[in-house]
Amino acid sequence: MGPAVSDVISQIGDSWGTVIVAILGFAGILLTQSITNRRERTLQERLLVHQVGADLRLRRTDAYSELTDAIMHFMLVIPDVLLPESTAGDLDAEERGPINKASVRAQLLASEPVKQSISDLMDRVYEYADDLSQATWEAVDDATDDFIAAAQAEDDNGNVLGRQKHRRRRVFGGYPVDRTSQAKKESGPDET
13 MGPAVSDVIS QIGDSWGTVI VAILGFAGIL LTQSITNRRE RTLQERLLVH
63 QVGADLRLRR TDAYSELTDA IMHFMLVIPD VLLPESTAGD LDAEERGPIN
113 KASVRAQLLA SEPVKQSISD LMDRVYEYAD DLSQATWEAV DDATDDFIAA
163 AQAEDDNGNV LGRQKHRRRR VFGGYPVDRT SQAKKESGPD ET
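In this text, residue positions in the sequence shown follow our numbering: the first is 13, and each later residue adds one.
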């Protein structure tokens, strides 16, 4: 090859080299942008999952707290509301409303194990309303402990992390004093 042909080849090579470098540079930019977008999307998805989980946990905590408050109020008021021969079925909607509303709200947000413990707890509460004895009071207290343990074992996504060691909390404290027998003691012996 003569010098003229080599000059032409070198000029073509220089032009193509520039074009190839430009194409590779552009491809590198696209690849880098694609990787960055994927990374940002992954981070955004993780953040969204975390935020949704945290929001769900907060809503569950509020619902569970409302449920335990409603149960405590119901159990303290029910002896004064029920007549001696009445049962929980005799209660009207106004008396059962707050506890039923709190129970439904908590069950809508709960995972399956917590739903089961809420159901068991509500059964014990209505057994107490039927019986008003110390044994049923303690059964409600035990069911409340189980409910709290199940709720604490739940993660933000509703997965059960494993039950924590069960420790006795005595949520409602001791059995309330029977007001009718206490009133009889204060008034003295029956004069019949």
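Every residue, glycine too, gets a C-beta built ideally from N, C-alpha and C.
Could you name the residues of the same chain whose beta carbon sits closer than 6 Å to that of residue i, not counting the 5 residues immediately before and after it, in chain order?
i    : result
Y76  : A118, A163
V152 : R136, V137, Y140
R3   : Residue 3 cannot be examined here, being either before or after the span of the chain that is shown, 13 to 204.
T80  : none
R58  : none
H62  : none
Are residue i and residue j close, meaning C-beta to C-beta below 9 Å?
i    : j    : result
A105 : D135 : no
E166 : V126 : yes
A66  : A114 : no
D158 : S131 : no
If we ignore side chains and look at the alpha-carbon of each, how far apart do residue i and residue j end up?
i    : j    : result
I47  : E78  : 46 Å
P110 : D143 : 21 Å
I160 : L60  : 27 Å
H85  : V64  : 31 Å
V31  : F38  : 10 Å
T54  : R69  : 22 Å
N112 : E97  : 23 Å
Q56  : D74  : 27 Å
G40  : N49  : 14 Å
T44  : L133 : 56 Å
L42  : S27  : 23 Å
Compare the C-alpha of residue i against each of the options and name the closest.
i   : options             : result
I90 : E107, R58, G40, R69 : E107
When you measure from the CB of residue i to every non-hydrogen atom of the ligand MN, does any distance come out below 8 Å?
i   : result
L55 : You won't find the ligand MN in this model; it holds no ligand whatsoever.
Beta-carbon within less than 8 Å of residue i's beta-carbon, same chain only, minus the 5 sequence neighbours each way: which residues are those?
i   : result
V93 : L103, E107
G29 : none
A34 : none
R51 : none
Enumerate in chain order the residues of its own chain whose CB-to-CB distance from residue i is below 7 Å, with the five nearest sequence positions on each side excluded.
i   : result
L36 : none
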